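Contents: one structure, followed by commentary.
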Amino acid sequence: MKLSHLISAAIIIGSTIYPSMADAATGSVNVRALSEYVYPNNRATSVSLTFMPDGLSYLKMTEGGKKVDRFDVLNNKYIETVFDVTRTRGDRTVESIDGFELNPDGTQLLVYINSEPIYRHSFRAEYFAYEISRRTLKPLSAVHKVQQAPVMSPDGRMVAFMAEDNNIYVAKLDYGTEVAVTTDGKVNSIINGVPDWTYQEEFATYRSMEWAPDNSALSYLKYNETEVPAFSFQLYQGSCDPMNRYALYPGTFTYKYPVAGEKNSVVTLHSYDVTTRKTKNISLPDPEIEYIPRIHYGPTADVLMVATLNRDQNKLEIYNANPRSTVARSVYSDRSTAWITPQCYESISCEPTGFVVFSDRTGFSHLYRYSYSGSEIGALTSGNYDVTCYYGTSADGSYYYQSAVNGPLNRVITRVDKRGTHTNVTPAEGWASASFSPQMNFYVVNYSNAAKPPVYTLMNSKDKTVRTIEDNNGYTSRFADAPGKEFFTIQSDGHTLNGWIIKPVGFSQSRKYPVVVYQYSGPGSQEVVNRWSMDWAQYFATQGYIVACVDGRGTGGRGREFEQCTYRNLGHYETIDQLALLSHLRSLPYVKADGIGIFGWSYGGYETLMAASAQGATYAAAVAVAPVTSWRYYDTVYAERYMTTPRQNPDGYDRSAPIERTGSLRCPLLIMSGTADDNVHMSNTMEYVARLQADDRWADMLLFPNMNHSINGCNTRAVVYARMLSFFNTHLK
745 MKLSHLISAA IIIGSTIYPS MADAATGSVN VRALSEYVYP NNRATSVSLT FMPDGLSYLK
805 MTEGGKKVDR FDVLNNKYIE TVFDVTRTRG DRTVESIDGF ELNPDGTQLL VYINSEPIYR
865 HSFRAEYFAY EISRRTLKPL SAVHKVQQAP VMSPDGRMVA FMAEDNNIYV AKLDYGTEVA
925 VTTDGKVNSI INGVPDWTYQ EEFATYRSME WAPDNSALSY LKYNETEVPA FSFQLYQGSC
985 DPMNRYALYP GTFTYKYPVA GEKNSVVTLH SYDVTTRKTK NISLPDPEIE YIPRIHYGPT
1045 ADVLMVATLN RDQNKLEIYN ANPRSTVARS VYSDRSTAWI TPQCYESISC EPTGFVVFSD
1105 RTGFSHLYRY SYSGSEIGAL TSGNYDVTCY YGTSADGSYY YQSAVNGPLN RVITRVDKRG
1165 THTNVTPAEG WASASFSPQM NFYVVNYSNA AKPPVYTLMN SKDKTVRTIE DNNGYTSRFA
1225 DAPGKEFFTI QSDGHTLNGW IIKPVGFSQS RKYPVVVYQY SGPGSQEVVN RWSMDWAQYF
1285 ATQGYIVACV DGRGTGGRGR EFEQCTYRNL GHYETIDQLA LLSHLRSLPY VKADGIGIFG
1345 WSYGGYETLM AASAQGATYA AAVAVAPVTS WRYYDTVYAE RYMTTPRQNP DGYDRSAPIE
1405 RTGSLRCPLL IMSGTADDNV HMSNTMEYVA RLQADDRWAD MLLFPNMNHS INGCNTRAVV
1465 YARMLSFFNT HLK
């Protein structure tokens, strides 16, 4: 069922009901001009290459999904068309495709059409297997029209997928047959091979089945969510991509969502033998295991790496499980006095001679290599900085990683050779990331800084530039007059905090400007970075606003102590640091001291409500989009990671809840929410507004029917920022 629709009219509850964007504006809000800044298709061009296995060529979808062409990596010359909707063989034809996946040996494509979002990060679609050499196109399943999370076997002869009945099937492409791996799947009860909602959202995992390297077995996770409480929200007909079945009566979407302290899915590990068609259960020996966020095969079929966490998420155990014998033994452990950083279990890299993990055991996140028997081979990195990404080891023994070695504002890619010499392959200042070919013989660097849009450069294994793929020069000229970011620091409670400020077009020291403070503030996040962005903030600067942002305590890139000081006490230090920024701004000679507002989305919306209701806050207005208003309303994995359970920490949950502080709200408030937000439920907003009313207070409230947490599509993102601009025009200028 689609959750991404939105009707074209929004609802505003509070002082006034505005029937149109023009009426909503105080003064003139140029929505078309604003849209130029806030929609992705108006942003800098991005590059993503699907490398062929040898890394010497890559695939790219062309002509609006009608073709997939192969190009030479070195010179970008066209080589051949590997898929053309007009030249396929088989009983089915397609007009265009939404996307494709390449199998490990480069002989098969999985192409898909009619993709339909499920939650924010997952979708189902109608998949087809396409054999490149024969140009044959076959539906992946003759029984199940749509599939989710398909995964090809290494030899390209089988595809495992989950169907709408929540069961796993294996399609055998050579024979055109399929076999049921599971039969107990049931919606809102048993899910096989695909994570439940909580795992998708909080563990960033969208598929939970893995093929053995020799194609002999499929290992998978089963999620029994029978005892997990259900949550429902209404769906409406809408007028943008309308759902006509709800024309007279709203529909209901129901799914399992465990709020803090409630039961989670019971997750178990299994392995299916392709030859015998029998499934074995793999038992893990620790009774404290609550979560299994990752499974990865090692170099052989008898090595399955399984990452587990306890309920408090302060105990990480990695097991080496043998799917054939079902014996599992612990080969790695990590502990924390607060929480295990998600990177430690989300980024386990299995290599031929061992596995690489992240750990912040020294106070900073670094890389460590272990053998599959559990012996530590050694630390790959060290120092008072965070390593943020590991890219892998190349054929010559060199390995690459990304880090904040030059401060939290920057990201640098470093190569370490066999002798242990560390060489930065990207500039010290700015933000670089990379994607590597399967053989690591080529890689694409994405580099930008606050003044320079992304440049995509192809590099070879000697770290030499082969060619520039995209320089975004045309994009630069479109926004040549847009104001840029300036970085600064402030002090708060003895801590130095990083910030940026965007000053209005035509800025003059002798004038007084209103200010919009933007922040996200969530654990491990970063908004103050030396990376290109062009969005609503720059547009607001063209409308006479200063926009400022500070990353307070709890944010990332500065080591464990800075990030985890908020443990069991969310919102406390973040608010102190936002008030320090407020005080700093009020001291500036060019700031209108009584014209400072604050804005945030999601966790940023939560912190907006916390700051606006804090003692000593003097904001003139606040805008909160999709805010959490009590951690008791949010999901187990996220809320308990940082707060433990409400039973363990009742006072902390009370202190950290904006809904307990409505009587102290000190400025006009605009609160916005999507009615189909499966992440931060609209009930957060409704309960908060109800509490405001009980305290003889009120807020402007803007609802987006059928919209999820992202509030995007059908011009809605522009509506969010246009309404925010008109609200700030009223209260800040």
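For what it's worth, our numbering labels the leading residue of the sequence shown as 745, then goes sequentially. We put the beta carbon where it would ideally sit given N, CA and C, even for glycine. Because the structure is a prediction, the values reported are computed rather than measured.
Assigned exposure category for residue i - 16 Cβ within 10 Å defines buried
| i | result |
| --- | --- |
| tyrosine 743 | In the structure as shown, the chain begins at 745 and stops at 1477. Residue 743 is therefore absent and cannot be evaluated. |
| phenylalanine 1231 | exposed |
| alanine 1466 | buried |
| glycine 1344 | buried |
| asparagine 1473 | buried |
| cysteine 1458 | buried |
| valine 1249 | exposed |
| tyrosine 781 | buried |
| proline 973 | exposed |
| arginine 833 | exposed |
| glutamine 1253 | exposed |
| alanine 722 | No information on residue 722 is available, as it lies outside the stretch 745 to 1477 that the chain covers here. |
| isoleucine 1403 | buried |
| asparagine 1216 | buried |
| glutamine 1235 | exposed |
| asparagine 911 | buried |
| arginine 776 | exposed |
| glutamine 852 | buried |
| tyrosine 1200 | buried |
| tyrosine 1382 | buried |
| isoleucine 823 | exposed |
| threonine 1299 | buried |
| glycine 1407 | exposed |
Within 9 Å, strictly: CB atoms of residue i and residue j
| i | j | result |
| --- | --- | --- |
| threonine 942 | threonine 1389 | no |
| alanine 991 | proline 1029 | no |
| methionine 805 | glycine 850 | no |
| leucine 962 | serine 1015 | yes |
| leucine 1325 | alanine 1292 | yes |
| valine 895 | methionine 953 | yes |
| phenylalanine 827 | valine 817 | no |
| leucine 917 | methionine 902 | yes |
| valine 1273 | tryptophan 1375 | no |
| methionine 1445 | leucine 1414 | yes |
| arginine 1275 | asparagine 1168 | no |
| alanine 1148 | alanine 1045 | no |
| leucine 1053 | alanine 1065 | no |
| arginine 1385 | glutamine 1057 | yes |
Host beta strand (DSSP E) of residue i (start-end)
| i | result |
| --- | --- |
| methionine 1049 | 1048–1054 |
| glutamate 1032 | No beta strand (DSSP E) contains glutamate 1032, which DSSP labels as neither H nor E. |
| valine 1490 | This structure cannot speak to residue 1490, because the chain is shown only from 745 to 1477. |
| histidine 1014 | 1010–1017 |
| methionine 1468 | Not the beta strand (DSSP E): methionine 1468 falls in the alpha helix (DSSP H), residues 1460–1476. |
| glutamate 824 | 822–828 |
| serine 1236 | 1229–1236 |
| lysine 1000 | 995–1000 |
Proximity test, residue i beta-carbon vs the ligand COA heavy atom, cut-off 8 Å
| i | result |
| --- | --- |
| serine 1015 | Within the structure as shown, the ligand COA is missing, as the structure has no ligands at all. |
Limits of the unbroken alpha helix (DSSP H) element including residue i
| i | result |
| --- | --- |
| serine 1331 | 1316–1331 |
| tyrosine 1350 | 1347–1356 |
| asparagine 1217 | 1217–1222 |
| valine 1291 | Valine 1291 -> not in any alpha helix (DSSP H); beta strand (DSSP E) instead, spanning 1290–1295. |
| tyrosine 943 | 941–946 |
| glutamate 780 | 775–782 |
| arginine 951 | Note, arginine 951: premise wrong, no alpha helix (DSSP H); not H, not E. |
| proline 1305 | Sequence inspection shows glutamate at residue 1305; the proline mentioned does not correspond to that position. Taken as a continuous stretch (DSSP letters only), the alpha helix (DSSP H) holding glutamate 1305 covers 1304–1308. |
Expected contact under 8 Å - CB spacing of residue i and residue j to nearest Å
| i | j | result |
| --- | --- | --- |
| glycine 1151 | glutamate 1305 | Rounded, the Cβ-Cβ distance is 16 Å, inconsistent with contact. |
| phenylalanine 1186 | asparagine 1204 | 6 Å |
| proline 1037 | glutamate 1090 | 7 Å |
| serine 866 | tyrosine 950 | 5 Å |
| tyrosine 856 | serine 885 | Actually they are not in contact, since the Cβ atoms of tyrosine 856 and serine 885 sit about 12 Å apart, beyond 8 Å. |
| leucine 1447 | serine 1417 | 6 Å |
| isoleucine 1320 | arginine 1330 | Not a contact, Cβ separation roughly 16 Å. |
Which residue spans inside the stretch 1148–1208 form an unbroken beta strand (DSSP E) run of at least 3? 1156–1160, 1166–1168, 1175–1180, 1186–1193, 1196–1204
Can you list, in chain order, the stretches of the beta strand (DSSP E) that have 3 or more residues and sit fully within the stretch 1368–1442? 1413–1418
Could you name each continuous beta strand (DSSP E) segment of 3 residues or more that falls completely within the stretch 831–870, going from the start of the chain to the end? 843–846, 852–861
Segments of 3+ residues assigned as beta strand (DSSP E) that fall wholly inside the stretch 880–918: 880–883, 891–896, 902–906, 912–916
To test your reading of the DSSP string, which unbroken beta strand (DSSP E) runs of 3 or more residues are found completely within the stretch 1243–1287? 1257–1262
I'd like the ranges of any alpha helix (DSSP H) spanning at least 4 consecutive residues and lying wholly in the stretch 1069–1150. 1087–1090
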